[in-house]
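Protein chains in written order, with this note's numbering: chain Z, 1 to 77; chain G, 1001 to 1077; chain A, 2001 to 2147; chain B, 3001 to 3147.
Below, the structure written as structure tokens:
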């Protein structure tokens, strides 16, 4: 299982702040493709993914139990 | 008459913080030369002169009643 | 308070100055980012900030480590507020001390640039006729930066 | 308080931040210069500052005018303390607000450089084995600068 977190515009787009998927061994790239198919408002050109609170690369593998956050363009400060 | 003010190292060098001279129509240059002759520790290469609280140039004329301050290298901040 | 923190209430600058002050500090710079009423002729009513809190605090601490490395002898503390903020409220405070002033200015500006680049915090602007989540358009793609 | 002032007691940063804060300010930077205990391996016991007070306040105000001209929309307040200062005490505080952060950093650094260049304030360092009036060795000759 992987735990997904949605923030800001992506929370608005999905209508949820988290959910759990019964998958593992996906790459980050595969997960983003899944999100693009399932939700409007996801754009792999601007969204980053954090796995267990660290930015991950497209080819990184998501393991069972990981917490995965979709990070839209940040605007702190 | 011109009113002279001494600060910091120049106050230490002259042993006074102010004095009045019975002169007028000196240039700034002439005043500095007078100070160099009368007091140790005056160096026209590093000392600036302010006339009535504004920096003055060597050729500026000091008028009767002016307040003239000798400004050693500053070190605020 | 923590050296690097996300908080829900008002930010008080003095607290962060006190944190970085020590006998070897000759200079302290602070930066505070405030909610500005007008941007390009559009009036902001208020802002709402959201963060991925644990990751944001980690990333603020990472900025602290980067500063330690680039400006040895400096000390930094950073806090960002989340929730609803009114005009003039402080959204972020950065305090940096260093033996000499040049580092204190440079490290402070570095910190705010890095925050805007990669700390997972989002701002929603609320105007009279709408609202929108902001995203930094100048943001570097992942491949180019050291996120 | 005055916008540009020489004071004899402790300086409180918040006061100067409050002075420059307004609804159009998106960024505020502060600089505080503190008495540092060690300089090049020599231990400072305390410092003593002296100023030509009325001229120093005029010159601080002049720096304010220069900043208004160079960074329109910014607002600045500067105070320098005189008398005897202990380790970590604040000697100078500079607060600058501006719509955007870049100006707030630049104008603030400009202010401290100008203070060190031309405001009639002098620092005496008191060590365990002596004391000396300091003078900025990098100071520009009168002819070169815009004092």
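For glycine and all other residues, C-beta sits at the position ideal for the given N, C-alpha and C.
Quick check on residue i: does DSSP put it in helix, strand or coil?
i	result
residue 2065 of chain A	helix
residue 34 of chain Z	helix
residue 3052 of chain B	coil
residue 1014 of chain G	helix
residue 3013 of chain B	helix
residue 3035 of chain B	coil
residue 59 of chain Z	coil
residue 2133 of chain A	strand
residue 53 of chain Z	coil
residue 28 of chain Z	helix
residue 3020 of chain B	helix
residue 2001 of chain A	coil
residue 1075 of chain G	coil
residue 1046 of chain G	coil
residue 3143 of chain B	Bear in mind that the predicted position of residue 3143 of chain B carries a pLDDT of just 42, short of 50, making it too unreliable to give a figure here.
residue 20 of chain Z	strand
residue 3138 of chain B	Reliability fails at residue 3138 of chain B, whose pLDDT of 42 lies under 50, so the model's placement of it is uncertain and no value is given.
Could you spell out where the beta strand (DSSP E) holding residue i opens and where it closes?
i	result
residue 2005 of chain A	2004 to 2007
residue 3077 of chain B	3075 to 3081
residue 2124 of chain A	2121 to 2127
residue 1005 of chain G	1002 to 1006
residue 3091 of chain B	3090 to 3098
residue 70 of chain Z	67 to 71
Kindly indicate the opening and closing residues of the alpha helix (DSSP H) around residue i.
i	result
residue 2112 of chain A	2101 to 2118
Assuming the contact rule is C-beta atoms closer than 8 Å, residue i and residue j should be a hit. Round their C-beta distance to whole Å, please.
i	j	result
residue 32 of chain Z	residue 49 of chain Z	7 Å
residue 2134 of chain A	residue 69 of chain Z	That belief does not hold up - the Cβ atoms of residue 2134 of chain A and residue 69 of chain Z are roughly 18 Å apart, past 8 Å.
residue 1041 of chain G	residue 1013 of chain G	3 Å
residue 3082 of chain B	residue 3094 of chain B	The Cβ separation is near 16 Å, so there is no contact.
residue 5 of chain Z	residue 67 of chain Z	7 Å
residue 3123 of chain B	residue 3047 of chain B	6 Å
residue 3118 of chain B	residue 3070 of chain B	At roughly 16 Å, the Cβ-Cβ gap does not stay under 8 Å, so residue 3118 of chain B and residue 3070 of chain B are not in contact.
residue 3080 of chain B	residue 3028 of chain B	Not a contact, Cβ separation roughly 19 Å.
residue 2086 of chain A	residue 2035 of chain A	6 Å
residue 2039 of chain A	residue 3030 of chain B	The Cβ separation is near 23 Å, so there is no contact.
Would you mind telling me which residues of chain D sit closer than 8 Å to residue i, beta carbon to beta carbon, in chain order?
i	result
residue 2130 of chain A	No chain D is present in this structure, whose protein chains are Z, G, A and B.
Quick one: which residues of the region 3028 to 3043 of chain B get their C-beta closer than 7 Å to a C-beta of chain G? List them in chain order.
3033
Can you list, in chain order, the residues of the region 3104 to 3123 of chain B whose Cβ is nearer than 7 Å to any Cβ on chain A?
3105, 3109, 3112
Chain G contacts made by the region 3050 to 3069 of chain B, where a contact means CB separation under 9 Å
3050, 3051, 3052, 3054, 3055, 3056, 3058, 3059
Between the region 2086 to 2105 of chain A and chain Z, which residues of the former have a C-beta closer than 8 Å to a C-beta of the latter?
Here the close residues are 2091, 2092.
Name, going along the chain, the residues of the region 1018 to 1052 of chain G whose beta-carbon falls closer than 8 Å to a beta-carbon of chain B.
1046, 1048, 1050
The region 2008 to 2029 of chain A: which residues have C-beta closer than 9 Å to a C-beta of chain B, in chain order?
2012, 2013, 2014, 2017, 2021, 2022, 2023, 2024, 2025, 2026, 2027, 2028, 2029
Which residues, taken in chain order from the region 1055 to 1070 of chain G, show a beta carbon closer than 8 Å to some beta carbon of chain B?
1055, 1057, 1069
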